[in-house]
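> Here it is, the structure in full.
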Amino acid sequence: MTTITDVGDVDGWIQHLMQCKQLPEADVKRLCEKAREILMEESNVQPVRCPVTVCGDIHGQFHDLMELFRIGGNSPDTNYLFMGDYVDRGYYSVETDRVTILRGNHESRQITQVYGFYDECLRKYGNANIWKTFTDLFDYLPLTALIEDQGYNWCQDRNVVTIFSAPNYCYRCGNQAAIMEIDEHLKYTFLQFDPAPRRGEPHVSRHVPDYFL
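Numbering (the working numbering), first residue to last: 25 to 237.
See below:
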């Protein structure tokens, strides 16, 4: 595994990860340390300005995250609000000021030991050091966000809607995923998308209930 020469070059890390290549343990630790320094200055309630694209669970589905950026636009051209659950269940949890990320229920030590992130770290790095580095970082993630100071809520027929951004969940559910775009006038648009194509995977029939976003 080749170490990126300039460990301070965040762009180099990003380029490495965008190719779905695993970072060396030392680089992961340095990257998490840089993230921790930023998060320590943030509050538990993050203000978010419109326009913004709101995203739900990712669960380590790295290729589908890349598809999400293709559909929604790349940062920094698009503001993103991710509402948690970045790890567990998918195969690429280790690899995932214009992006706001919140802490979900899967960003905890207990949950990640049950749903796969702990085992993935052991499999890819041979020890639990990276798992500990990430879970220590999760402690600093903000818990919620307020869009345009007053907050923002949206319901379908007075029912709460879950925005879920992991298509073909667990690689077998056949669902579409969605993101929610909110413009500067607080008008919303839902964009739904299919899983990113993967060579050698069987086709999964799709079934999308009307309420599933």
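Note that CB positions come from ideal geometry on N, CA and C, so glycine has one too. Values in this document were obtained by computation on a predicted structure and should not be read as measured data.
Cα-Cα, which of F158, C179, P219 is closest to K58?
Nearest C-alpha to K58: F158.
> The beta strand (DSSP E) with L170 in it runs from where to where?
Its beta strand (DSSP E) spans residues 168-171.
> Is it buried or exposed, Q134, if we count other Cβ atoms within 10 angstroms and call 16 or more buried?
Exposed.
> How about E16 and T77: do their beta carbons lie closer than 9 Å?
Summary: the structure shown does not reach residue 16, with the chain confined to residues 25 through 237, and so no result is reported for it.
> Count the other CB atoms within 10 Å of the CB of R147; is the residue buried (16 or more) or exposed (fewer)?
Its Cβ having fewer than 16 others within 10 Å, R147 is exposed.
> Roughly how many angstroms separate the alpha carbons of F188 and I82, rounded to a whole number?
Answer to the nearest angstrom: the Cα atoms are 8 Å apart.
> Compute the Euclidean distance between the alpha carbons of E144 and G150, then round it to the nearest angstrom.
Taking the straight line joining both Cα atoms gives about 9 Å.
> Under a Cβ-count criterion, where at least 16 other Cβ atoms within 10 Å of its own Cβ denotes burial, should D109 be classed as buried or exposed?
The residue in question, D109, is buried, as its Cβ has 16 or more Cβ neighbours within 10 Å.
> What residue from K156, N98, L161 has the CA that sits closest to G128's CA?
That would be L161, whose Cα lies nearest to the Cα of G128.
> Hey, which unbroken runs of the beta strand (DSSP E) at 3 residues or more fall wholly within the region 69-122?
If we require 3 residues or more, the beta strand (DSSP E) runs fully inside the region 69-122 come out as 69-72, 76-79, 104-106.
> Following the continuous beta strand (DSSP E) through T213, name the residue where it begins and the one where it ends.
Start and end: 212-217.
> Find out if the Cβ-Cβ distance for the pair L92, F217 is shorter than 9 Å.
Closer than 9 Å, so yes.
> For E205, list the residues DSSP reports as bridge partners.
DSSP, once it has assigned bridges, lists T77, T213 as partnering E205.
> Can you tell me where the alpha helix (DSSP H) with M42 in it begins and where it stops?
Unbroken alpha helix (DSSP H) run through M42: 34-42.
> I think Y104 touches G84, with their Cβ atoms under 8 Å apart; what is that distance to the nearest whole Å?
With 8 Å as the limit, Y104 and G84 do not qualify as a contact, their Cβ atoms being about 17 Å apart.
> Should L165 and L63 be called a contact, given that it needs their Cβ atoms to be closer than 9 Å?
A contact, by the Cβ cut-off of 9 Å.
> For S67 and G198, what's the separation of their Cα atoms in angstroms?
Answer to the nearest angstrom: the Cα atoms are 37 Å apart.
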